[in-house]
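These protein sequence lines map, in sequence, to chains A and B. Taking the UniProt record's numbering, the leading residue of the first sequence gets 1, the next gets one more, and so forth. Taking the UniProt record's numbering, the leading residue of the second sequence gets 1, the next gets one more, and so forth.
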Amino acid sequence: MKTLLDVQNLGKRFEGTQVLNDINIKVTEGEFIAIMGQSGSGKSTLLYNISGMDRPTSGMVLFGGKIISKLDDKKMSEIRLKQMGFIFQHSHLLKNLSIRDNIVFPGFKAGRYPRDKINQMADALMEKTGISNVADHDIKKVSGGQLQRAGICRSLINQPKILFADEPTGALNSSTTKDVMNIINKVNTEGTTVIIVTHDAKVAARADRVVFLMDGTIHDQLKLGKYGGENELSREKRLSGWLEKQGF
Amino acid sequence: MKWMLVKNDLKRNKVINFALFLFMFFSAVLAVSSIIMATQTFTSISNLYQTAQPPHFLQMHKGEINQEEIDEFMSDYDDLTYWQTNTTIAVYGESLTVVSDNRTYNLSNSQLDIALVKQNETRDLLLNSSHEKIALEEGEIGIPVLLKETYGMEIGDHVRLTSNGVSKEFVIKEFILDSMMNSTMASSTRILLSDEEFNMLEGQVGENEYLIEAYFTETSEASNFQTAYENAELPQDGQTITYTIIFLLSALTDIMTVFVLLLVSVLLIIVSFICVKYTMITTLEEEISEIGTMKAIGLPFSEIRDLYLYKYRALAAASVMGGYLLALLISSLLTKHITATFGNNRTDPLAIVLSLIGAFLVYLLIIYYCKKLLNKMKKVTVVDALVQRKGFEKDQRIKNGLYQSKKLPVNWLIGLREVFFQFKNWIIVFTVVLIAVVMILIPVNLMNTLEAPEFITYMGSSEEDILIEIENGEKLAISYENVKKVLENDGTVQHYNEFRRVRVQTTDTEKERINLTVDNGVNSGAELQYLSGKAPGAGNEIALSYLNAEKVGKGAGEQILLYVNDNPQQFIISGIYQDVTSGGYTAKAQYNFSELTAEKYTFSVNLHDQVDERDKANEWSRILGGAVTVHPMEEFINQTLGGVVKQLRMIVLASSIIGICLTILITVMFLKLRLAKDFSEIAALNAIGFSEVDIRQQYLIKTGAVAMTGILAGIVITDVLGERIVSSLLSLSGLGINKVAFISNPFIEYIICPGLLLVLILLVTWMVMKTIQNYNLISNINK
Ligand SMILES: Nc1ncnc2c1ncn2[C@@H]1O[C@H](COP(=O)(O)OP(=O)(O)OP(=O)(O)O)[C@@H](O)[C@H]1O
Ligand SMILES: [Mg+2]
Chain A
1 MKTLLDVQNL GKRFEGTQVL NDINIKVTEG EFIAIMGQSG SGKSTLLYNI
51 SGMDRPTSGM VLFGGKIISK LDDKKMSEIR LKQMGFIFQH SHLLKNLSIR
101 DNIVFPGFKA GRYPRDKINQ MADALMEKTG ISNVADHDIK KVSGGQLQRA
151 GICRSLINQP KILFADEPTG ALNSSTTKDV MNIINKVNTE GTTVIIVTHD
201 AKVAARADRV VFLMDGTIHD QLKLGKYGGE NELSREKRLS GWLEKQGF
Chain B
1 MKWMLVKNDL KRNKVINFAL FLFMFFSAVL AVSSIIMATQ TFTSISNLYQ
51 TAQPPHFLQM HKGEINQEEI DEFMSDYDDL TYWQTNTTIA VYGESLTVVS
101 DNRTYNLSNS QLDIALVKQN ETRDLLLNSS HEKIALEEGE IGIPVLLKET
151 YGMEIGDHVR LTSNGVSKEF VIKEFILDSM MNSTMASSTR ILLSDEEFNM
201 LEGQVGENEY LIEAYFTETS EASNFQTAYE NAELPQDGQT ITYTIIFLLS
251 ALTDIMTVFV LLLVSVLLII VSFICVKYTM ITTLEEEISE IGTMKAIGLP
301 FSEIRDLYLY KYRALAAASV MGGYLLALLI SSLLTKHITA TFGNNRTDPL
351 AIVLSLIGAF LVYLLIIYYC KKLLNKMKKV TVVDALVQRK GFEKDQRIKN
401 GLYQSKKLPV NWLIGLREVF FQFKNWIIVF TVVLIAVVMI LIPVNLMNTL
451 EAPEFITYMG SSEEDILIEI ENGEKLAISY ENVKKVLEND GTVQHYNEFR
501 RVRVQTTDTE KERINLTVDN GVNSGAELQY LSGKAPGAGN EIALSYLNAE
551 KVGKGAGEQI LLYVNDNPQQ FIISGIYQDV TSGGYTAKAQ YNFSELTAEK
601 YTFSVNLHDQ VDERDKANEW SRILGGAVTV HPMEEFINQT LGGVVKQLRM
651 IVLASSIIGI CLTILITVMF LKLRLAKDFS EIAALNAIGF SEVDIRQQYL
701 IKTGAVAMTG ILAGIVITDV LGERIVSSLL SLSGLGINKV AFISNPFIEY
751 IICPGLLLVL ILLVTWMVMK TIQNYNLISN INK
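So this is what it looks like as structure tokens:
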């Protein structure tokens with residue numbers, strides 16, 4: 001399997017405090033990684049730094065074999081637009097656009113396909129995530145779960161190689177969490193690499209590999225293997241046992 | 001407890017509270033200083049007029065007078081309370097040389113007719129800056145403020161008078177306020193000497209000229225008196241002026257300035273208020289969840305409202321008080337010109353009282369605004385506030401449909417769609433730009449109009465190179481022959497028109513006989529702009545000036561009965577034109593009234609192209625002598641309108657600067673507030689792949705589009721309303737103009753001004769947007 005993301009000796013300092021220290025991870029294509037750790041351990045910071053939203057103070061990040069940690073804002077934005085997808089705790093949709101417009105506009109911006117085709121792809125994504133019925137609604141008039149699903153559709157409109165998610169279920173109840181995670185797993189099985197930051201062991205149990213962060217360094221990793229449904233309970237048990245060992 | 005809350009809040013929201021403070025402060029400064037300025041101007045002027053007592057009727061006269069005849073006529077006239085004849089000595093500018101500490105200069109380039117005078121006893125007094133009657137000792141001289149300002153004279157400078165072999169030196173003791181001849185629009189000016197020296201110089205240094213002055217129980221009696229005076233064949237070799245004109249000539253420019261400034265202030269106050277409102281909405285929106293919490297824990301609405309009201313009261317009180325104090329401090333600066341022209345440098349108690357009331361009104365208005373806004377809180381539910389973080393604004397309908405766009409780049413789509421579908425968000429920038437455009441273009445257009453050569457044809461004169469006037473006097477007939485001879489024999493003359501002024505009678509709206517002076521000649525009235533109708537044709541046709549038409553209550557096409565040597569004769573009014581010459585009361589006809597004697601001759605002369613008008617005018621002036629005045633037209637226009645144009649230029653400069661600063665200030669403030677509000681959205685955009693350049697472009701498109709609509713609206717308003725506003729202001733002035741069609745410079749109006757504003761706004765946006773680089777966008781993503 002090819003390495004998609006290669007993080008080497010990554011460090012990040014914020015005015016005097018070293019938040020991340022000597023991080024090394026290789027992410028292969030199609031992999032699903034969950035990052036866990038105490039609040040303040042540096043999970044979000046790590047995600048931002050490996051996805052080019054922020055710049056590491058030391059070390060480097062290679063994406064598809066190319067160093068991206070030194071690119072300027074313009075080039076980096078283009079990579080984020082065309083090859084990466086992002087999901088946040090809150091959907092962060094533009095408040096002046098409808099659900100549908102929110103999903104298609106990054107597609108129009110990337111311009112990889114004609115606009116008609118992008119609209120068809122958006123329809124398909126909304127169908128898949130079950131929000132077709134609210135497609136033309138105002139974003140203030142739909143539920144939190146629907147918003148989060150719209151956020152996922154937006155992140156997938158440009159068929160990214162990799163999907164980054166920072167606590168995508170943090171604001172959702174358990175049944176919606178399950179729906180959202182099913183979608184993410186499906187996306188992953190269709191070939192998209194996924195890196196997700198989460199507090200929720202049930203969410204992390206969906207991943208192939210769990211990385212535990214402590215005080216800005218990788219404390220330990222757990223390989224779970226591909227999520228398949230039948231061994232769900234035992235996966236969760238393994239994970240929670242491991243997490244206890246980490247002091248979580 | 002409440003004070004603690006206020007203090008904490010002020011600390012927490014420094015930027016927004018400071019912005020709020022500034023806007024309230026501005027509103028107060030503007031309101032108070034414009035009130036002070038307006039009151040100061042009007043009290044200074046009216047105080048000057050009360051003390052100086054300019055005449056209600058003034059007849060200037062060159063040549064001999066018979067005072068007994070005048071006295072006889074005056075004492076027989078009812079409603080006349082006082083009269084006097086002032087003797088003045090006409091001197092040329094060349095005769096006066098000023099020696100100051102560091103330079104020596106001559107007044108030969110002055111356009112004004114200079115007259116030496118002595119102080120009057122009780123009326124038509126020349127005053128010092130404290131509005132006291134000036135008394136001079138021998139060797140002292142009082143110089144009018146107008147000359148002081150033109151030449152920069154100082155108290156203590158020496159003035160040397162050399163004329164007809166007499167030479168005498170004076171020291172400037174006082175600068176005098178002349179209630180009659182205070183502005184450049186008056187063509188004469190008076191220099192004060194001590195009684196002894198005046199008597200000594202009389203008959204030696206220049207010809208005598210007389211000012212025959214009359215006072216009535218009512219100033220409006222002046223025009224009836226004028227008719228009687230003219231018919232009595234009393235001395236009238238010179239201009240006749242009535243009180244209204246005196247007042248207007250002296251005070252018009254300053255009143256106009258104050259008017260424009262008031263207008264500008266009102267516009268600025270409106271802008272400040274919009275900002276106050278906007279800023280308050282923003283603050284309250286930021287605190288919406290706090291309001292929700294308070295509601296959730298069961299605090300009654302009235303208490304929550306009082307909490308906020310308390311804060312805004314404190315803020316408003318502080319800023320209005322601060323603004324009031326600053327306005328008081330700078331008011332002397334603002335009223336400097338008024339004080340210089342009209343004296344009376346004490347701040348009038350009335351100004352203080354009115355400005356206090358003004359400041360209090362601003363405070364009340366702010367509080368009223370607050371209450372109205374806070375009452376909206378009542379409708380915000382706990383759920384809205386806490387869960388959906390809904391603001392106060394009514395739910396704006398989102399326009400679905402970006403996905404249908406086929407071509408437009410995404411940054412344009414996002415930018416333009418917000419401007420078009422959420423225009424309300426941008427109303428503040430739109431309004432400010434609109435106001436700035438109107439504020440700049442109206443004075444610019446007005447100045448352009450006054451400076452345009454055609455303008456004179458609106459004003460009752462034809463557009464020629466040289467104007468020759470022969471005023472009534474003994475030499476009228478001889479001078480007329482001389483002028484004809486000169487014009488006929490001069491090869492540089494291309495063509496000329498002559499007009500002969502006669503006096504006929506007609507009846508006004510109250511059926512009273514009034515005089516009508518008619519300029520007749522083959523081409524009379526042909527080159528004027530007509531408000532209605534057209535120039536008089538051959539036969540019994542006459543065109544009336546606007547003021548005369550009002551007086552007789554008739555319009556174009558109507559019949560008018562003229563009494564020519566008491567014989568009634570029917571005429572048809574061919575048209576109405578506006579006129580500022582001769583006080584605005586004139587008429588034009590081709591009909592030659594040959595049975596009447598001429599009172600005045602006017603020649604308008606067109607020279608061949610290559611001839612210098614000024615040289616020619618000087619040459620003829622020398623040949624023709626004192627009884628004939630020869631003006632190059634340009635000089636004539638400059639002399640009558642120069643002062644106004646100069647003042648207007650200042651206004652244009654000031655209003656452009658204010659307009660531009662205002663636009664920049666508000667755009668920056670607005671963008672800063674908007675950015676604070678939009679930060680998480682910007683961060684999200686950046687995260688999903690929009691570079692800072694893209695985001696900057698979106699904002700540039702937004703402000704650019706808003707600015708363009710504002711500019712367009714401003715231009716439309718200027719074109720539609722500008723002429724009307726200016727025309728109604730001018731017709732209020734009673735000068736004889738009631739309609740001004742702007743002669744605009746399309747290059748300035750449609751290209752320079754809009755282009756400059758647009759570029760500035762884009763530049764400012766670009767600079768504000770540059771600051772987002774300094775923020776860590778990502779750290780805002782979860783806020
Ligand atoms: N922009 C910043 N400037 C300074 N310090 C920062 C910044 N962003 C994060 N930090 C610090 O870095 C540390 C890690 O923050 P981070 O947000 O990555 O934690 P986290 O693991 O995501 O926590 P949580 O689970 O609460 O989201 C924290 O101590 C935080 O205070
Ligand atoms: Mg985090």
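The C-beta atom is built at its ideal place from N, Cα and C for all residues, glycine as well.
Asked	Found
6 Å Cβ shell around VAL410(B) - same chain, five flanking residues per side excluded	none
DSSP three-state assignment for PHE690(B), whether helix, strand or coil	coil
THR431(B) and LEU673(B) closer than 8 Å at C-beta	no
Test: ASP200(A) CB closer than 8 Å to a CB of chain B	no
Near-chain B residues of the segment 160–190 of chain A - C-beta to any C-beta below 7 Å	none
The segment 594–602 of chain B touching the segment 494–501 of chain B, judged by at least three CB pairs closer than 8 Å	yes
Cβ contact check for the segment 479–491 of chain B and the segment 191–202 of chain B: 3 or more pairs under 8 Å	no
LYS43(A) CB to nearest heavy atom of ligand 2 below 7 Å	yes
Minimum Cβ-Cβ distance from HIS219(A) to chain B less than 8 Å	no
Distance, LEU10(A) Cα to THR45(A) Cα	11 Å
Check whether ILE660(B) and LEU760(B) have beta carbons under 8 Å apart	yes
Cβ-heavy atom distance, ALA197(A) to ligand 2, below 7 Å	Per the sequence shown, the amino acid found at residue 197(A) is Val instead of Ala. Checking the Cβ of VAL197(A) against ligand 2 gives yes.
Contact list for ASN119(A) against chain B, beta-carbon separation under 9 Å	TYR403 and GLN404
Option in ARG724(B), PHE455(B) and THR449(B) with minimal Cα separation from ASN745(B)	THR449(B)
Cα-Cα separation between ILE65(B) and PRO235(B), rounded to whole angstroms	6 Å
Where GLN404(B) falls, given that 16 or more other Cβ within 10 Å makes a residue buried	exposed
Beta-carbon spacing of TYR151(B), VAL98(B) below 8 Å	yes
Segment limits, alpha helix (DSSP H) that includes ALA207(A)	Element bounds for ALA207(A): n/a, residue is neither H nor E.
Residues that DSSP places opposite LYS12(A) in a beta bridge	LEU20(A)
Minimum Cβ-Cβ distance from VAL419(B) to chain A less than 8 Å	no
Within-8 Å CB hit, GLU29(A) to chain B	no
Residue closest to SER39(A), alpha-carbon to alpha-carbon, out of HIS90(A), GLY225(A) and VAL197(A)	VAL197(A)
PRO106(A): contacting residues in chain B (beta-carbon distance under 7 Å)	ILE688 and GLY689
Partners in chain B for SER58(A), counting only beta-carbon separations shorter than 8 Å	Chain B residues near SER58(A): none, gap ~18 Å exceeds 8 Å.
Contacts that MET126(A) makes with chain B (C-beta to C-beta distance below 7 Å)	By Cβ distance, chain B contributes nothing, its closest Cβ being about 12 Å from MET126(A), past 7 Å.
Proximity of SER545(B) and ALA556(B) at Cβ, strictly below 8 Å	no
Contact list for the UniProt domain "ABC3 transporter permease C-terminal" (656–772) of chain B against chain A, Cβ threshold 9 Å	SER680, GLU681, ALA683, ALA684, LEU685, ASN686, ALA687, ILE688, GLY689, PHE690, SER691, GLU692, VAL693 and ASP694
Interface residues of chain A facing ASN400(B) [CB-CB closer than 7 Å]	SER98, ARG100, ASP101 and ASP136
Chain-ordered chain B contacts of GLU78(A) [CB-CB under 9 Å]	GLY689 and SER691
Sequence-distant residues of the same chain with beta carbon closer than 6 Å to MET447(B), five excluded per side	LEU648 and VAL652
Local Cβ density within 10 Å of THR703(B), reported as buried at 16 or more and exposed below that	buried
Close Cβ partners of GLU137(B) (< 8 Å) along its chain, the five nearest in sequence each way excluded	LYS173 and SER194
Bridge partner(s) assigned by DSSP for ARG503(B)	THR517(B)
Check whether LEU441(B) and THR718(B) have beta carbons under 8 Å apart	yes
Span of the beta strand (DSSP E) around MET84(A)	84–87
Cβ-Cβ distance between VAL203(A) and THR176(A) below 8 Å	no
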